[in-house]
Amino acid sequence: MGGTNPYIEKPDIQKPNRKFKVTFLNLNKTVEVDPNSPSCGTGLPGSLLDIALSSGIDIDHACGGVCACSTCHVWVKQGLASCSQPTDAENDMLDLAPDLKPSSRLSCQCVPNGNEDIIVEIPAWNRNLVREGH
Ligand code: FES
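Read in order, the letters of the sequence shown are residues 0 to 133 in numbering that gives the first Met the number 0.
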């Protein structure tokens, strides 16, 4: 399942125009993001979830990446300022996530603009669902 949610406001997204890196702390894995790479079709195009899934990193995403759950909750430890601002719909869903922090984002809605490298931590309660595939 994937796509976008037609019932929520569209986030203001600035697409990256250069390569940048995303590190997934728990997996000790860093991926280079090419802004010209195609989206995997789950989560907003270019979102942290899209980047993870496209790189063989399976973060839980029960609603299919349409901002209707909070299972894709991550903490953006570095580079948060270069990410799209959360919409009211994302903040509403984040309110349901355990262990909420100022760095909390829904990975399916958080789209980096490429101005900074990103470091992401996946919450421990979700870690057993995180695995590398492919
Ligand atoms: S996968 Fe459901 S909100 Fe991100």
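In this text, a Cβ means the ideal position worked out from N, Cα and C, and glycines have one as well.
Taking the Cα of Ser36 as reference, the smallest distance to any Cα among Leu79, Pro15, Ser81 is reached at Pro15. Boundaries of the beta strand (DSSP E) harbouring Leu105: 103 to 105, taken from the DSSP string.
For the 8 angstroms CB-CB criterion, Leu93 and Ser69 form a contact. Non-local beta-carbon contacts of Asn4 in its own chain, meaning distances under 6 angstroms to residues more than five positions away in sequence, involve Val65, Cys66 in chain order. Distance from the C-beta of Leu48 to the nearest heavy atom of ligand 1 is below 7 angstroms. The beta strand (DSSP E) runs of length 3 or more contained entirely in the region 18 to 89 are, from start to end of the chain, 19 to 23, 28 to 32, 72 to 77.
Cys62 has its alpha-carbon roughly 18 angstroms from the corresponding atom of Gly45. Here Asp87 is exposed: its Cβ has fewer than 16 other Cβ atoms, across all protein chains shown, within 10 Å. Take Arg104, set aside five residues on each side of it, and the residues of its chain with a beta-carbon closer than 8 angstroms to its own are Leu47, His72, Val73, Trp74, Val75, Leu79, Cys82, Pro85, Glu89, Leu93, in chain order.
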